[in-house]
Structure formats: structure tokens, C-alpha cells
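Working notes, beginning with the structure itself.
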Amino acid sequence: MEQIQLFAEAGQSRGLPKHLLEYQPALYGSKESDTLLQFFINNTPWQQTTQTLWHKQYLTPRLTCWYGETDRIAGLLPWTPELQAIREKVEPLAGISFNCVLLNYYRNGNDSVAWHSDKESVLGSQPTIASVSFGQVRSFDIRNKHNHAEKYSVRLEHGSFLLMKGSLQEDWHHRIAKSARPMKPRVNLTFRRVV
1 MEQIQLFAEA GQSRGLPKHL LEYQPALYGS KESDTLLQFF INNTPWQQTT QTLWHKQYLT
61 PRLTCWYGET DRIAGLLPWT PELQAIREKV EPLAGISFNC VLLNYYRNGN DSVAWHSDKE
121 SVLGSQPTIA SVSFGQVRSF DIRNKHNHAE KYSVRLEHGS FLLMKGSLQE DWHHRIAKSA
181 RPMKPRVNLT FRRVV
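For the sequence shown, our numbering begins at 1 and goes up steadily by one.
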């Protein structure tokens, strides 16, 4: 497994490009984060999708669910009061309004998302994506598409907020890697504006 540079127990690796990422720990306190984590685990109609790679179908190694108010995403569910409240909290931090959110449920260290960028045309040019994490701390890794030696990590803590912006989706890949260490459940919400 590829090693990303070392960083402190909390926060982010040195030199994180602030024009691409903004990180804020403890957007939500510990008790409220505990409550929201359990709520989303127990009350979200999670699905495990498949993806096709090299003409073979594979189960996505995490569970997902979409909510929002756009007809550009199939099977979108309406906002819940809990998601609406979180959206109202992150929109002023992001400086834009969001019309959908993808929930990801990482059940243990085997659940992950491989290197990718969110460059779907429905997100427009240089999309801003707001991410809120509850549960197990996991490393969010980014690497430059043209120079894989240029890479950074952010520890996404319980109740934290991460803003992806600028040319991040155009020039960088990001991932949540698998872990050989035991991992507890984590739910991540990524708020997006589909155009």
C-alpha cells in the first residue's frame, strides 16, 4: 500500500494547498457528531452499487445514498430535516448553495474509494464540494495528476468540515484508502451543486 507523508494525530500534512482545500475540525461537537453518525447509519436507505472496470463488474467498497432536489441524478431522495440543517450550516462556509448531497458509509477499514476526481459535467467547471465527516478518523489523500510525488493528507476527524475547491478536481486525484488497521464506522456527506 502506498505511503503518504506523515502528519500529526490531528489536522493536516504540512504545505496543504489552501487554494484547493480548507479544513475545519470540530464543525460539530463530539456528542452531536455521535448522534448524527448513529442517525445516518440507522436511517439511511443505503445501497451498494456496482462499477465496471475492464469489462468486469465490481461491488463498490462502501455504501451510498443520494439526497437533494435535482432531476439530473436518478433515484434522488428528498432532503431530510437533518441533512437540510447540515446544508444550512455548510453553505455560508462554502459561499455557494448546494442542491444535492452524496452520503458514503464506510463500514470498516475494507471500505474505501480509489484515486479519482469528481469531474462530472453536471458539476460544472471547478466545482466546490463541501464534505462533513462523522465517525472513524480516515485519511483523505490527494495527489497531483501530473506529478504523483506531490501529495498531501488530511485526517478527517469526527464532526469535521473539508471544502474542496478551485482546480482540485481538474488537476488532482483524491481517495480514502483501505486500512489494515481495525476501523470503526464512518459516514461522510459531500454536498454538491449540480448544474
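Backbone N, C-alpha and C fix where the C-beta goes; we use that ideal spot for every residue, glycine too.
Three or more beta-carbon pairs separated by less than 8 Å are not found between the stretch 46-56 and the stretch 83-99, which leaves the two stretches without contact. In this structure, F161 lies near L93, with their beta-carbon atoms less than 8 Å apart. Excluding sequence positions up to five before and after A114, its CB lies within less than 7 Å of the CB of R175, all in the same chain and listed in chain order. Closest in C-alpha terms to W66, from the list L59, T60, G75, F134, comes G75. CA-CA distance, T80 to N43, rounds to 10 Å. The C-beta of N104 has 16 or more other C-beta atoms within 10 Å across all chains shown, which makes the residue buried. It is roughly 5 Å from the alpha-carbon of R192 to the alpha-carbon of I129. Our two residues, R87 and Y28, have alpha carbons roughly 13 Å apart in a direct line.
Excluding sequence positions up to five before and after E22, its CB lies within less than 6 Å of the CB of L163, all in the same chain and listed in chain order.
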